[in-house]
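Chemist: Submitted below is the structure of interest, expressed as structure tokens.
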Amino acid sequence: LYLFLTRTDLGRTMRAAADNAYGALVIGTDVRRVYAAAFGIGAACVGAAGALVSPILPFQPAGGLSLSVASFNIVIIGGMGSLPGAFLGGLLVSVAESLGAVFLSPSMKELVSFSLLIVILLFRPAGLFGKTVA
Numbered sequence: 539l540y541l542f543l544t545r546t547d548l549g550r551t552m553r554a555a556a557d558n559a560y561g562a563l564v565i566g567t568d569v570r571r572v573y574a575a576a577f578g579i580g581a582a583c584v585g586a587a588g589a590l591v592s593p594i595l596p597f598q599p600a601g602g603l604s605l606s607v608a609s610f611n612i613v614i615i616g617g618m619g620s621l622p623g624a625f626l627g628g629l630l631v632s633v634a635e636s637l638g639a640v641f642l643s644p645s646m647k648e649l650v651s652f653s654l655l656i657v658i659l660l661f662r663p664a665g666l667f668g669k670t671v672a
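Rendered as structure tokens:
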């Protein structure tokens, strides 16, 4: 995804439309078409992820809550708006949860994840790769 957004014309156009829609419109970009393409690509990724996860996890109304909490931690730890940060945040959270499950208790893995979040936010309030806004 990072290479797609940084190296392809469509990815650069998507980033331009996301950063400044009016500026992208001024240089001749059809912003509505870019938004539609981004939605389509996102829907395809979500559909593929659902198809891969559905045989493993049972369907429950609140079944996605733990995944949502983990995703929140990953994005905040990595830094908002940073794909490499999200990748590193995912690695850190998964390793921390696995170590917490092994050394403490499997029910404590979310506690370890939130503890990591608090420690990182104490020292880097914008996350590991986040940019501070002045």
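Residue numbers for the sequence shown follow our numbering, beginning at 539 and rising by one. C-beta: ideal position from N, C-alpha, C; glycine also.
1) Taking Cβ positions, are G602 and I612 nearer each other than 8 Å?
2) Need the endpoints of the alpha helix (DSSP H) that S592 sits in, please.
3) Look at the alpha carbon of A516 and the alpha carbon of L626, and state the distance between them as a whole number of angstroms.
4) Would you check if there are 3 or more beta carbon pairs closer than 8 Å linking the region 612-622 to the region 651-664?
5) Are at least three pairs of beta-carbons, each pair with one atom in the region 555-571 and one in the region 585-603, less than 8 Å apart?
6) Within a Cβ cutoff of 7 Å, which residues of the same chain sit near M646, ignoring the five residues on either side of it in sequence?
7) Quick one: is L539 buried, meaning 16 or more other Cβ sit within 10 Å of its Cβ, or exposed?
8) Which word fits V564, buried or exposed, when buried means at least 16 other C-beta atoms lie within 10 angstroms of its C-beta?
9) For S606, count neighbouring C-beta atoms within 10 Å of its own C-beta (all shown protein chains included) and say buried if the count is 16 or more, exposed if not.
Modeler: In brief:
1) On the sequence shown, position 64 is the one that residue 602 refers to. On the sequence shown, position 74 is the one that residue 612 refers to. Contact: no.
2) Translated into positions along the sequence shown, residue 592 becomes position 54. No alpha helix (DSSP H) holds S592; DSSP gives it neither H nor E.
3) Residue 516 cannot be examined here, being either before or after the span of the chain that is shown, 539 to 672.
4) The region 612-622 makes contact with the region 651-664; the number of CB pairs closer than 8 Å reaches 3 or more.
5) Here the region 555-571 does not lie against the region 585-603, with fewer than 3 beta-carbon pairs under 8 Å apart.
6) Walking along the sequence shown from the start, residue 646 turns up at place 108. G638.
7) Sequence index remark: in the sequence shown, residue 539 carries index 1 (1-based). Burial check for L539: the Cβ neighbour count within 10 Å stays below 16, so the residue is exposed.
8) The count along the sequence shown starts at 1 and reaches residue 564 at position 26. V564 comes out exposed.
9) Working through the sequence shown from its first residue, we reach residue 606 at position 68. Its Cβ having fewer than 16 others within 10 Å, S606 is exposed.
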